[in-house]
Amino acid sequence: MTSKLLAPERPVSTVGVSVNNGSHRSDRLVELTKSLYKTDHQLEFMHLRAEAEALLQEVQVMKQQRLSLTISLSDQN
């Protein structure tokens, strides 16, 4: 399976990055990952990132449900 995610495999020891907002930071992180790591590591990173985002979304839904329940219970009193 070939993908455009593939980047040249070259060793890099340190990279300095200065970013302003979260979206740009996330995009920049993906670009750095593509250039710094071998293909298998890129794939692992992308899977872990997707899993982290899914877990974050799950936590946000749970927080919203808890807030809704709290509001519902306080309205009953």
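Residue numbers for the sequence shown follow this note's numbering, so the first one is 3 and each next one is one higher. Every residue gets a Cβ at the ideal spot worked out from N, C-alpha and C, and that includes glycine.
Item, Value
"Asn65 - DSSP class collapsed to helix/strand/coil", "Here the sequence assigns Lys to residue 65, which means Asn is not the residue at that position. Reduced to three states, the DSSP call for Lys65 is helix."
"Ser25 to Glu60 span [Cα, whole Å]", "20 Å"
"Rounded C-alpha distance that separates Val21 from Asp29", "The predicted position of Val21 is uncertain, since its pLDDT is 40 and thus under 50; a value taken from the coordinates is nonetheless stated next. Going from the Cα of Val21 to the Cα of Asp29 covers about 10 Å."
"Local Cβ density within 10 Å of Gln44, reported as buried at 16 or more and exposed below that", "buried"
"Simplified DSSP assignment, three categories, for Ala36", "Sequence check: residue 36 is Lys here, not Ala. In this structure, Lys36 counts as helix in the three-state DSSP scheme."
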